[in-house]
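In terms of the numbering used here, the sequence shown has 184 at position 146, counting the first letter as 1, and numbering is strictly consecutive. Just so you know, even glycine gets a beta-carbon here, dropped at the ideal spot from N, CA and C. All values reported here derive from a predicted model rather than from experimental measurement. I have placed the structure first, in the form of structure tokens, so that the comments after it can refer back to it.
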Amino acid sequence: MTKPLFLDRPLFPWKKLIISFSVAQFLFESVLGIRQYRVLQKTKPPAVLQHEVSQEVFDKSQAYGLAKAKLSLINGLYGQFQNFAFCHFDVLSKLWSWYGNLLLRFAPTRFTGEISQSIVFILAFILIHQVVSLPSSIYQTFVLEEKFGFNKQTPKLFVTDMIKSNLLAVVLTPHILAGFSAIIKKTGSQFFYYLWMFGAGLQVFMITIYPIAILPLFNKLSPLDEDKLKTDVEDLAKKLKFPLHELHVINGSKRSAHSNAYFFGLPWKKHIVIYDTLIEKSETEEVVAVLAHDLGHWSLGHTTKLFGVSQAHFFCIFALFSVFVSNNSLYAGFGFHSQHPIIVGFLLFSDIFGLVENVIKFLMNILSRRFEFQVDAFANNLGYNAVTRQPPAAWITANDTVNCEL
39 MTKPLFLDRP LFPWKKLIIS FSVAQFLFES VLGIRQYRVL QKTKPPAVLQ HEVSQEVFDK
99 SQAYGLAKAK LSLINGLYGQ FQNFAFCHFD VLSKLWSWYG NLLLRFAPTR FTGEISQSIV
159 FILAFILIHQ VVSLPSSIYQ TFVLEEKFGF NKQTPKLFVT DMIKSNLLAV VLTPHILAGF
219 SAIIKKTGSQ FFYYLWMFGA GLQVFMITIY PIAILPLFNK LSPLDEDKLK TDVEDLAKKL
279 KFPLHELHVI NGSKRSAHSN AYFFGLPWKK HIVIYDTLIE KSETEEVVAV LAHDLGHWSL
339 GHTTKLFGVS QAHFFCIFAL FSVFVSNNSL YAGFGFHSQH PIIVGFLLFS DIFGLVENVI
399 KFLMNILSRR FEFQVDAFAN NLGYNAVTRQ PPAAWITAND TVNCEL
């Protein structure tokens with residue numbers, strides 16, 4: 039795409055613009071959060087649930103929602119200060135220079151180019167982000183979730199998960215980042231086409247290896263017992279012509295008392311995963327009703343539509359990034375006067391695009407909500423209306439969530 043010259047002027051106020059966009063994004067999210075906070079202050083359940091949910095369960099649900107909303111607002115404010123500091127004090131350029139000097143001093147010559155420096159820079163950036171967000175993560179897990187009886191994690195498991203996540207980042211990030219940078223460097227001004235194809239291929243690859251190599255690192259998948267639940271789920275899959283390959287139970291109770299169920303896999307080979315907490319706290323017909331709801335997304339084409347929307351979204355992001363990737367004034371505005379590292383350009387572009395991303399996310403939430411109503415109707419039409427007309431009490435109790443109108 040052609041680069042607009044008016045955006046690449048020596049005195050263009052990129053720093054002020056990005057900080058302003060960041061503040062606007064924060065205010066937009068805060069307004070939505072405050073609206074939800076007010077909803078969570080209601081003391082009576084929705085009319086449709088008044089005969090299904092006790093006042094005690096509803097009160098606990100509202101208290102849990104309020105606690106999460108407060109934490110979300112605090113995290114948003116903390117993140118805003120953090121982002122301001124990174125921009126105002128040119129933290130990115132200082133980190134880039136520092137890690138570049140480390141590589142020059144200690145790494146072999148073949149590991150001192152932009153791609154190697156980008157890999158070290160991003161891994162360090164991920165680690166810094168994890169450290170600054172660690173207090174919030176600890177509070178959410180061991181205070182908030184513990185208070186409402188959901189946390190099952192031990193400090194040892196918490197630390198182990200963090201170590202495994204970091205090791206995964208160390209293994210995957212270099213390959214992804216090397217491909218990202220090489221495509222942009224070698225394919226010219228039309229790189230966004232190739233970058234988009236690379237991203238789509240990466241998604242398919244991750245979907246393929248996730249159940250084999252990643253999920254087992256954190257959870258144990260066991261075959262669903264040969265009982266009525268398995269028979270009913272298989273019958274439901276056959277009825278919908280869902281390409282079921284395997285049925286699993288996941289030990290979600292290892293970390294949380296929350297319940298869930300989902301499916302994943304390639305179009306012709308799907309896996310259904312049911313949390314052990316859902317099986318433990320719900321009747322068989324309730325579990326099948328939850329799956330009827332989830333499989334409704336597949337049957338109505340929601341997963342395909344959302345994948346298509348996400349691909350169009352990624353293409354637009356990469357196409358717009360091509361406008362900024364060589365913008366000298368953008369790099370200079372954040373302390374990069376002699377070097378224009380691609381990965382830094384993408385981080386800065388992400389800040390510019392952040393406000394638009396929020397609007398897109400808002401529209402996607404509207405679409406997702408519409409899809410949720412459609413799959414509720416779908417499950418009802420399958421004969422699960424007695425169960426899905428309202429959330430079962432066991433489901434609400436297990437998750438402490440009662441949906442109210444925003």
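Check	Outcome
Exposure of L274, with buried meaning 16 or more beta-carbon neighbours within 10 Å	buried
Cα-Cα separation, R143 to D128	23 angstroms
Same chain only: Cβ atoms within 8 angstroms of E272, ignoring 5 sequence neighbours per side	L282 and L285
Uninterrupted beta strand (DSSP E) stretches inside the region 228-275 (no shorter than 3 residues)	259-261
Three-state class that DSSP yields for V197 in the structure shown	helix
Where T315 falls, given that 16 or more other Cβ within 10 Å makes a residue buried	buried
Rounded distance between the beta-carbons of F387 and F362, thought under 8 angstroms	5 angstroms
CA-to-CA distance, A357 to Q228, given in whole angstroms	8 angstroms
Inter-residue CB distance, F218 and L233 (contact presumed, cutoff 8 angstroms)	7 angstroms
F359 versus V91 - alpha carbon distance	49 angstroms
Same chain only: Cβ atoms within 6 angstroms of D270, ignoring 5 sequence neighbours per side	V326
Outcome for M340 when other beta-carbon atoms lying within 10 angstroms are tallied against a minimum of 16	Note that residue 340 corresponds to His in the displayed sequence, not to Met. H340 is buried by the Cβ-count criterion.
Among D97, D263, S110 and L253, nearest to V69 - alpha-carbon criterion	S110
Chain-order list of residues whose beta-carbon lies under 7 angstroms from that of S291 (same chain, five-residue window excluded)	K190, D314 and T315
Beta-carbon proximity list for A330, same chain, < 8 angstroms, skipping 5 on both sides	L274, F416, A417, L420, Y422 and T426
Residue closest to S156, alpha-carbon to alpha-carbon, out of F64, A220 and P84	A220
Endpoints, the beta strand (DSSP E) within which L304 is located	A299 to L304
Three-state secondary structure assigned by DSSP to P48	coil
Alpha-carbon spacing of F50 relative to S367, whole angstroms	7 angstroms
DSSP beta-bridge partners of H351	DSSP output for H351 lists no bridge partner at all.
CA-to-CA distance, G117 to H167, given in whole angstroms	10 angstroms
Distance CB(Y102)-CB(F186) smaller than 7 angstroms	yes
Short Cβ contact (7 angstroms threshold) for Q63 with G371	no
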